[in-house]
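K.L.:
Start counting the sequence shown at 1; every next residue gets the next number (our numbering).
All C-beta atoms in this analysis are idealised placements derived from N, C-alpha and C, irrespective of residue type, glycine included.
Owing to the predicted nature of the structure, the values given are computational and were not obtained by experimental measurement.
For reference, the structure I am asking about is given below.
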Amino acid sequence: MERRAAVSSLNRPDFMNLALAQAQLAADRGEVPIGAVLVVSGEVVAEAGNRTRETNDPTAHAEMLVIREAAERLSAERLIGADLYVTLEPCTMCAAAISFARIRRLYFGAADEKGGAVTSGVRFFASPTCHHAPEVYSGIGETRSADLLKAFFKEKR
């Protein structure tokens with residue numbers, strides 16, 4: 001039984017690595033390197049990296065893009081049972097969208113002391129006006145996420 005569990009865990013996709021790959025693609029496009037992957041029942045439904053500069057859209061954060069794509073693909077306003085993997089702690093806008101979409105679990109890499117709104121800043125999900133709070137798991141791929149961001153901004157300066 002233990003062996004079977006180990007084998008099945010080896011076959012499970014590493015969703016945070018997929019999000020990190022999207023973050024790298026965003027960096028390659030000159031965007032802030034943040035990537036996100038939305039998963040339902042173990043299957044990737046949507047993946048994206050930031051596109052704010054490319055689209056001249058301040059709401060084109062990776063999280064927003066995957067939520068929009070998943071909602072369209074699934075023909076559903078609410079993404080109940082969905083898990084979101086993102087390389088950086090979501091901002092207030094993205095945290096609100098996660099709540100409104102009723103996402104089940106949020107996994108994120110690096111904390112964002114300046115702009116984050118989950119474990120930093122306003123702590124949106126702890127607010128009494130928050131209608132739905134996902135389960136939150138932080139620090140997944142934290143070092144790689146932080147290193148990608150640091151390298152991007154070092155190059156820009």
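Residues in its own chain within less than 7 Å of Glu2 by CB, not counting five upstream and five downstream?
P.N.:
Caution applies to Glu2, whose pLDDT of 36 falls short of 50 and renders its modelled position unreliable; the value that the coordinates give is listed next. Nothing meets the Cβ criterion.
K.L.:
Relative to the C-alpha of Ile34, which residue among Glu77, Ala70, Leu65 is closest?
P.N.:
Selected option, being the one with the closest Cα: Leu65.
K.L.:
Within a Cβ cutoff of 8 Å, which residues of the same chain sit near Ala5, ignoring the five residues on either side of it in sequence?
P.N.:
Caution applies to Ala5, whose pLDDT of 33 falls short of 50 and renders its modelled position unreliable; the model cannot decide the point.
K.L.:
Can you tell me the Cα-Cα spacing of Ser75 and Val45, whole angstroms?
P.N.:
If you take the alpha carbons of Ser75 and Val45, they lie about 12 Å apart.
K.L.:
Quick one: using the 10 Å Cβ neighbour count with 16 as the cut-off for buried, is Phe124 buried or exposed?
P.N.:
Counting Cβ neighbours within 10 Å, Phe124 comes out buried, since at least 16 surround it.
K.L.:
Using a Cβ-Cβ cut-off of 7 Å (strictly less than) and excluding sequence neighbours within five positions of Met16, which residues of its own chain qualify?
P.N.:
So the list reads Tyr85, Tyr107, Gly109, Ile140, Gly141, once near-sequence residues are dropped.
K.L.:
Looking only at its chain, what residues have a beta carbon closer than 7 Å to the beta carbon of His131, apart from the 5 residues adjacent to it on each side?
P.N.:
For His131, where only same-chain residues beyond five positions count, the Cβ hits under 7 Å are Ser99.
K.L.:
If you follow the alpha helix (DSSP H) that Ser145 is part of, which residue opens it and which one closes it?
P.N.:
First-last of the alpha helix (DSSP H) with Ser145: 142-156.
K.L.:
Check this for me: beta carbons of Arg104 and Glu72, under 9 Å apart or not?
P.N.:
In this structure, Glu72 does not lie closer than 9 Å to Arg104 by Cβ.
K.L.:
What is the DSSP secondary structure of Arg105, reduced to helix, strand or coil?
P.N.:
Strand at Arg105.
K.L.:
Tell me whether Ser41 is buried or exposed, calling it buried when 16 or more other Cβ atoms sit within 10 Å of its Cβ.
P.N.:
Exposed, by the Cβ-count rule.
K.L.:
In the DSSP assignment, what residue or residues form a beta bridge with Gly49?
P.N.:
Looking at the DSSP assignment, Gly49 forms a beta bridge with Gly35.
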